[in-house]
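Below: one structure, written as structure tokens.
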Amino acid sequence: MSASISQNQRIAVIGLGSMGFGMATSLKRAGHAVTGCDVSAEAVARFVKDGGAGAKTPAEAAKGADIVVSVVVNAAQTEAILFGKDGVAETMPEGSVFVSSATMDPDVARRLAKQLETTGRHYLDAPISGGAQRAAQSELTILASGSPAAFAKARPALDAMAAKLYELGDAAGQGAAFKMINQLLAGVHIAAASEAIAFAAKQGLDIRKVYEVITASAGNSWMFENRMLHVLDGDYTPRSAVEIFVKDLGIIQDMARSARFPVPVSAAALQMFLMTSAAGMGRDDDASVARMYAQVTGVKLPGDK
10 MSASISQNQR
20 IAVIGLGSMG
30 FGMATSLKRA
40 GHAVTGCDVS
50 AEAVARFVKD
60 GGAGAKTPAE
70 AAKGADIVVS
80 VVVNAAQTEA
90 ILFGKDGVAE
100 TMPEGSVFVS
110 SATMDPDVAR
120 RLAKQLETTG
130 RHYLDAPISG
140 GAQRAAQSEL
150 TILASGSPAA
160 FAKARPALDA
170 MAAKLYELGD
180 AAGQGAAFKM
190 INQLLAGVHI
200 AAASEAIAFA
210 AKQGLDIRKV
220 YEVITASAGN
230 SWMFENRMLH
240 VLDGDYTPRS
250 AVEIFVKDLG
260 IIQDMARSAR
270 FPVPVSAAAL
280 QMFLMTSAAG
290 MGRDDDASVA
300 RMYAQVTGVK
310 LPGDK
């Protein structure tokens, strides 16, 4: 075990959803004193039952913390956690670090970092990838950028949460930009996989056999292999919801428009996620794009009534 992991740190985790809960558990398992906070009292109670500490507000959780890990959905929630009512900037000790895991526009990450750093605290732009299972197993990929001081302060938490840590620059925004490139590909791959599996069903093919063939062929992608299992099982319990890609592909469109850079493939994928959301499946698993195709074309997929 490295020296950084063995140092016991006081860490607050804000957001105990599917990712945050696993990250908080990983931090606790590494020997840190972890306080969890979430809008859901049930999530906090579950973490306390699991051996952690609980707090009712972000400000309370961050009081005396060396590291604050924010695992919320978007930039607006991150800003509220930092500077809103009962925000962590009120109570974080000077010299502590805020680790932001939300996917957001790089310009917003830079603005939040500058605003926090003027108060004598550090900001690490550290979006995550890997899913809930990897979060719970300390196997996340973290795409981080920030000052050397922010990295040094956050190192014990990063070591406890990540299997792969990419240090991508000495200022906030770079981590966010790398994550948006990943999200562009992830959204396009889910939309393409959904289109392919529904089209295969329309051709009367056995889609389980299609899955077997494609996952052993050049047309495979990580998203096809992972998400199309949900379609085969007819299980759209949200591991990652449709609305996540409505948000992220929307951010990509905004970034691309500002840069005068054409992104027609991701624009088409965004329309498929928007259509799926409009059909009432926004909070369902993002593999629901396949269900949207099926509904439009009269195709039957597993689990259809």
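Using this note's numbering, read the sequence shown as starting at 10 and increasing by one per residue.
The beta carbon of each residue, even a glycine, is placed where N, CA and C say it ideally should be.
Cβ neighbour criterion (16 or more within 10 Å) applied to residue i
i: Q212; result: exposed
i: V251; result: buried
i: S15; result: Caution is warranted here: a pLDDT of 44 is assigned to S15, below 50, making its placement in the model unreliable, and no coordinate value can be reported.
i: T246; result: exposed
i: A287; result: exposed
i: S79; result: buried
i: A12; result: Because A12 carries a pLDDT of 39, less than 50, the predicted location of this residue cannot be relied on, and the following value inherits that uncertainty. A12 comes out exposed.
i: A159; result: buried
i: F107; result: buried
i: I190; result: exposed
i: L152; result: buried
i: A161; result: exposed
Identity of the residues DSSP links to residue i by a beta bridge
i: L152; result: Y175
i: L133; result: V108
i: A62; result: T44
i: S35; result: According to DSSP, S35 bridges with nothing at all.
i: D294; result: A250
i: S27; result: None; S27 has no bridge partner.
i: S286; result: Bridge partners of S286: none, in fact.
i: S138; result: T150
Pairwise C-alpha distance: residue j and residue i
i: G140; j: A111; result: 13 Å
i: R217; j: A195; result: 22 Å
i: S109; j: L125; result: 12 Å
i: P311; j: M28; result: 28 Å
i: Q54; j: G73; result: Strictly speaking, residue 54 in this sequence is Ala, with Gln absent from that position. Their backbone Cα atoms lie some 21 Å apart in a straight line.
i: E103; j: T127; result: 11 Å
i: T150; j: A171; result: 6 Å
i: T100; j: S156; result: 21 Å
i: G178; j: A210; result: 45 Å
i: V255; j: N17; result: 39 Å
i: R38; j: A144; result: 12 Å
i: Q142; j: G31; result: 7 Å
i: D168; j: T306; result: 48 Å
i: L214; j: L174; result: 42 Å
i: D59; j: S35; result: 12 Å
i: D47; j: P67; result: 8 Å
i: D313; j: S147; result: 36 Å
i: F282; j: V298; result: 6 Å
i: K309; j: M232; result: 21 Å
i: A135; j: S154; result: 7 Å
i: F270; j: A278; result: 17 Å
i: G40; j: S249; result: 29 Å
Where the beta strand (DSSP E) containing residue i begins and where it ends
i: A225; result: Counting along the chain, A225 falls outside any beta strand (DSSP E), and DSSP gives it neither H nor E.
i: R19; result: 19 to 23
Residue interval of the alpha helix (DSSP H) (run including residue i)
i: L193; result: 183 to 211
i: S79; result: Taken as a continuous stretch (DSSP letters only), S79 belongs to no alpha helix (DSSP H), being part of the beta strand (DSSP E) at 76 to 79.
i: Q146; result: No alpha helix (DSSP H) holds Q146; DSSP gives it neither H nor E.
i: A180; result: Looking at the DSSP string, A180 is not in any alpha helix (DSSP H), and its letter there is neither H nor E.
i: R120; result: 115 to 126
i: A98; result: That residue, A98, is in no alpha helix (DSSP H); it is neither H nor E in DSSP.
i: D168; result: 157 to 170
i: L310; result: It is not in any alpha helix (DSSP H) - L310 carries neither H nor E in the DSSP assignment.
i: L91; result: 84 to 92
i: P67; result: 67 to 71
7 Å CB neighbourhood of residue i in its chain, flanking five on each side removed
i: E88; result: L121
i: E204; result: Y302
i: D123; result: In the sequence as presented, Asp is not what sits at residue 123; that position holds Lys. So the list is empty, once near-sequence residues are dropped.
i: S275; result: L193, G196, V197, L258, I261
i: R57; result: The sequence shown places Val at residue 57, rather than the Arg named in the question. Here the set comprises G63.
i: A33; result: V22, L25, V43, G45, F56, G61
i: V117; result: A84
Contacting residues, own chain, Cβ-Cβ under 6 Å from residue i (five flanking each side not counted)
i: M10; result: Unreliable placement is indicated for M10, whose pLDDT of 37 sits below 50; the coordinate value is still reported in the next sentence. Nothing listed; no residue qualifies.
i: P115; result: G182, A185, A186
i: G291; result: V251, E252
i: D75; result: Q18, R19, S105
i: T224; result: E234
i: R119; result: A181, G182
i: M284; result: M301
i: F92; result: A98
i: A200; result: A278, M281, V298
i: I137; result: S110, L149, I151
Same chain, Cβ closer than 8 Å to residue i, five either side skipped, listed in chain order
i: V272; result: L193, I261, Q262, A265
i: L241; result: I216, R217, Y220, P311
i: A52; result: L25, G26, F30, G45
i: A166; result: Q18, I20, L36, H41, I76, V78, V108
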